[in-house]
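Quick note: the sequence shown uses full-length UniProt numbering, first residue 1, plus one each step.
Glycine is no exception: its CB is placed at the ideal position from the N, C-alpha and C atoms.
Below is one structure; the comments refer to it alone.
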Amino acid sequence: MNERKSYLRLMGEGFRMLKQSKQTDTAVSLRNWTFSIHRDEEWYVVLRSNRVKWVGLPSRTFAISPDTIQIGDLRMIRHPESNEVRLTIDEEWGLENKVVCDNLEWETFVDALKQVKGE
């Protein structure tokens, strides 16, 4: 019986994530990464890129600092010396990707995220 409950709960979570991935309240892009961000009581983020579509679990974490952004399991760190932005998703499998962008692109991206957050 526990296996059935676990399976049903997993299916329910999958359907919720599928529904969430279709909602796009706000889309913010940085190079080939597009983040769709939605907020009810918690933050929801969907990442789309050329090779990946990732739907994050609901989270209360949405932190923005000059060189670091974190939304739930998703974290971006910018290295000003090389203009490299490294995206890391800390989940069961883990995902890592990087892009290179100049100061203006990064600042525009951060400002857009601050508007989404309401800062």
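(request) Go ahead and pull the three-state DSSP assignment for Thr68. (result) Walking along the sequence shown from the start, residue 68 turns up at place 68. It is a strand residue.
(message) Val46 and Val52 - do their beta-carbons sit closer together than 8 Å?
(response) Here residue 52 refers to the residue found at position 52 of the sequence shown. Here residue 46 refers to the residue found at position 46 of the sequence shown. Between Val52 and Val46, the CB-CB gap reaches or exceeds 8 Å.
(request) Measure the beta-carbon distance from Arg60 to Trp43 and round it to whole angstroms, keeping in mind my assumption that it falls under 8 Å. (result) Taking the sequence shown and counting its residues from 1, one reaches residue 60 at position 60. Taking the sequence shown and counting its residues from 1, one reaches residue 43 at position 43. Going by Cβ atoms, the distance from Arg60 to Trp43 rounds to 7 Å, so yes, they are a contact pair.
(message) For Val116, report the span of its alpha helix (DSSP H) as first-last.
(response) Taking the sequence shown and counting its residues from 1, the one referred to as residue 116 is at position 116. Its alpha helix (DSSP H) spans residues 103-117.
(request) Determine the closest residue to Trp106 out of Val116, Ile69, Leu74, Lys117, with distance taken between C-alpha atoms. (result) As a working note, residue 106 is residue 106 in the sequence shown. Answer by Cα proximity: Ile69.
(request) Spatial neighbours of Leu87 within its chain, please: CB distance less than 6 Å, with the 5 preceding and 5 following residues excluded, ordered by chain position. (result) By 1-based counting over the sequence shown, the position of residue 87 is 87. Met76, Asn97.
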